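Q: Quick note on my numbering: the sequence shown kicks off at 1 and runs consecutively. All residues carry an ideal CB built from backbone N, CA and C; glycine is no exception. Only a predicted model underlies this, so the values are computations on that prediction, with no experimental measurement involved.
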Amino acid sequence: MPHTHVAGSIHADAMASRPTWLVRPDDLNWLNPALWPAGVERAGDGAMTLVGRPLTELTEQFGSPAYFVDEAEFRARARAFAQAFDDWDVYYAGKAFLCRGVARWIDQEGLGLDVCSGNELMVALRAGFPPHRIGFHGNNKSLAELRLGLEAGVGHVIVDSLDEIERIEALAQELDVKAKVLVRVTTGVEAHTHEYIATAHEDQKFGFSILGGHALMALVRCQTSPWIDLAGVHSHIGSQIFETDAFQVAAQRTMRVMAQFRDATGTNLAELNLGGGFGIAYTADDTPPTPAGLKDSLSLIVERARADYDLGQLRLAIEPGRAICGPAMVAVYTVGTVKVVELDGGAQRVYVAVDGGMSDNIRPALYAAEYSALLANRASSAPPALCRVVGKHCEGGDILVRDVFLPADIAPGDLIAVPAAGAYARSMASNYNYLARPPVVAVDAERAYPLLRRETLDDLLALDLG
């Protein structure tokens, strides 16, 4: 089925009753398995549970708002990619959500890890993550960050500019090491995704453009350096991608420049990282592919392109992005106020305000990302009401779920659960209006334990020098 992107238009008519995909539900208590972790169920009293633990009890113990991650779901998703791509390298996206506990899970499941800053790299190293399985991204890595990566012995530095190549050379010579790198190329593919998360069209900040020979020049520049070990090419076309069509064009263009490099230098590049950024289900309209389905499609794409350019065997890699951690986490909020607003034409919308907001999930405000939500602390037989779940911040755009049907008897004190909260919500969280960031709590069959504790006002005031 065709997909409309999760981001949508931020300038959509605020008075529209609801998006075309949002249908009036027959059962407001139904848990759509495509949206929720496998460990989420409803108990006999109708309250939602996670791995057998009622969300009401979890919020009593850890507070609200909070993120709860189904550890078994997280690990199962990591394992599914590792098994489907058993002859490829699979890199978990640290930017989606990273802490020391998650880094250990990823290590135990045998995946690699991509990081985008020196601090992300330091988190991984302090968790004991093997540095040779780390890919170090970033379009503007500082000298200190590059030094950290080279001293740690990261598996690849993904170079993004000529300035960075010069920095790497100087540091490698100083440290008497040889830096293993991939060159990030910009393929000119316009992925069907939001402008802010499409990363392979020409007019953006990442990589070396294939057009004009910039990518080939960077490859030759690295190959001729005595301090750089050029392993291959990195390509990334965007994020929240459902179809593999764009990868076909990207693979063709990427391998063409690899063949041009071979013809110019007589050297075959050994590695190709196709990136990834595979989509997940935020609403019932989203139907993401399975890891096995992705492997079948991408393998066929790669083999066709490799044959077209007579390239030898390649070590291949992907970066699934949010597809591992995103669906494994649930955000839970407490309702504070309920307000009915009259719309044009006699329609009504119910504004349900909760104790979080854009500080714990900026994506809806940033690019109108769409989410789902359910009443979590009880079942309800009330009729559905078209609601908008909003936060407590002093911003009109502080919207968490733009359009959702919730029971008409929704009331202060109720809990709202939002699925697919694992990717970017906590990573992009802020302290706007001096709100403290929520905790991330792992839940398994034996226990519930914090991966990240809740921030406190004391934490924030510790930065204030008065």
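Apart from the five residues on each side of it in sequence, which residues of its chain come closer than 7 Å, Cβ to Cβ, to residue 295?
A: Only 84, 85 meet the Cβ criterion.
Q: Looking at C-alpha atoms only, which residue of 341, 437, 462 is the closest neighbour of residue 67?
A: Comparing Cα-Cα distances from residue 67 to each of 341, 437, 462, the minimum goes to 437.
Q: If you follow the beta strand (DSSP E) that residue 86 is in, where does it begin and where does it stop?
A: Unbroken run through residue 86: none, as it is neither H nor E.
Q: Are the CB atoms of residue 231 and residue 271 nearer to each other than 8 Å?
A: Cβ distance < 8 Å, so residue 231 and residue 271 count as in contact.
Q: What did DSSP end up calling residue 393 once you bin it into helix, strand or coil?
A: In this structure, residue 393 counts as coil in the three-state DSSP scheme.
Q: Spatial neighbours of residue 32 within its chain, please: C-beta separation below 7 Å, excluding the five flanking residues on both sides.
A: Taken in chain order, the residues that qualify are 284.
Q: If I measure Cβ to Cβ from residue 379 and keep anything under 6 Å in the same chain, skipping five residues before and after, which residues do I get?
A: 29, 46.
Q: Within 10 angstroms of the Cβ of residue 193, are there 16 or more other Cβ atoms? Answer buried if so, exposed if not.
A: Per-residue confidence for residue 193 stands at a pLDDT of 44, beneath the threshold of 50, marking its modelled position as unreliable; the derived number appears in the next sentence. It counts as buried.
Q: Would you check if the distance between the CB atom of residue 421 and the CB atom of residue 330 is smaller than 8 Å?
A: The answer is yes: Cβ separation under 8 Å.
Q: Buried or exposed for residue 138, going by 16 or more other Cβ atoms inside 10 Å?
A: So residue 138 counts as buried.
Q: May I ask which residues mark the beginning and end of the beta strand (DSSP E) holding residue 18?
A: That residue, residue 18, is in no beta strand (DSSP E); it is neither H nor E in DSSP.
Q: Please work out which residues of its chain come closer than 7 Å, Cβ to Cβ, to residue 256, disregarding the five sequence neighbours upstream and downstream, and give them in chain order.
A: The residues are 309.
Q: Is it buried or exposed, residue 89, if we count other Cβ atoms within 10 angstroms and call 16 or more buried?
A: When all chains shown are included, residue 89 counts as buried.
Q: Using the Cα positions of residue 132 and residue 71, report the straight-line distance between them to the nearest angstrom.
A: Cα-Cα distance, rounded: 25 Å.
Q: Going by DSSP, which residues form a beta bridge with residue 304?
A: Note: residue 304 sits in no beta bridge, so no partner.
Q: Give a yes or no on whether the C-beta atoms belonging to residue 373 and residue 401 are separated by under 8 Å.
A: In this structure, residue 401 lies closer than 8 Å to residue 373 by Cβ.
Q: For residue 39 versus residue 51, is the C-beta spacing smaller than 8 Å?
A: Yes, the pair counts as a contact, with Cβ atoms nearer than the cut-off.
Q: Using a Cβ cut-off of 8 Å (strictly closer), state whether residue 399 contacts chain B.
A: Going by chain labels, chain B is absent from the structure shown, which holds only one protein chain.
Q: Can you tell me whether residue 209 is helix, strand or coil according to DSSP?
A: Note: residue 209 maps to strand in three-state DSSP.
Q: Quick check on the burial criterion: 16 or more other C-beta atoms within 10 angstroms. Buried or exposed for residue 340?
A: Exposed: under 16 other Cβ atoms inside 10 Å.
Q: What is the rounded straight-line gap between the Cα of residue 104 and the Cα of residue 41?
A: One C-alpha to the other measures close to 27 Å.
Q: Among residues of its own chain, excluding the 5 on either side of residue 350, which ones have a beta-carbon nearer than 6 Å to its beta-carbon?
A: Result list for residue 350: 340, 385, 387, in chain order.
Q: Indicate whether the contact test is met: 3 or more Cβ pairs, each with one atom in the segment 310-322 and one in the segment 260-279, closer than 8 Å.
A: Touching, per the Cβ criterion.
Q: With C-beta atoms as the reference, is residue 325 less than 8 Å away from residue 96?
A: In this structure, residue 96 lies closer than 8 Å to residue 325 by Cβ.
Q: Which residue from 433, 188, 151 puts its Cα closest to that of residue 179?
A: Checking every option, the nearest Cα to that of residue 179 belongs to 151.
Q: Considering just the uninterrupted stretch of the beta strand (DSSP E) at residue 329, what are its terminal residues?
A: Per DSSP, residue 329 belongs to the beta strand (DSSP E) from 329-342.
Q: Mind checking whether residue 116 and residue 94 have CB atoms under 8 Å apart?
A: Against a cut-off of 8 Å, the Cβ pair of residue 94 and residue 116 comes out as a contact.
Q: Could you check how far apart the C-beta atoms of residue 169 and residue 228 are, in whole angstroms? I think they sit under 8 Å.
A: Right, their Cβ atoms sit about 7 Å apart.
Q: With a CB to CB cut of under 6 Å and the five nearest residues on each side skipped, what residues in its chain are close to residue 407?
A: Contacts found: 28, 375, 380, 382.
Q: Here's the rule: buried if 16 or more other CB atoms are within 10 angstroms of the residue's CB, otherwise exposed. What is residue 217?
A: When all chains shown are included, residue 217 counts as exposed.
Q: Specify the secondary structure class of residue 439 as computed by DSSP and reduced to three states.
A: If DSSP states are grouped into helix, strand and coil, residue 439 belongs with coil.
Q: Would residue 118 pass as a contact of residue 144 if the rule is Cβ separation under 8 Å?
A: Yes.
Q: Measure the alpha-carbon distance for residue 243 versus residue 54 and round it to whole angstroms.
A: Approximately 36 Å, taken between the alpha carbons.
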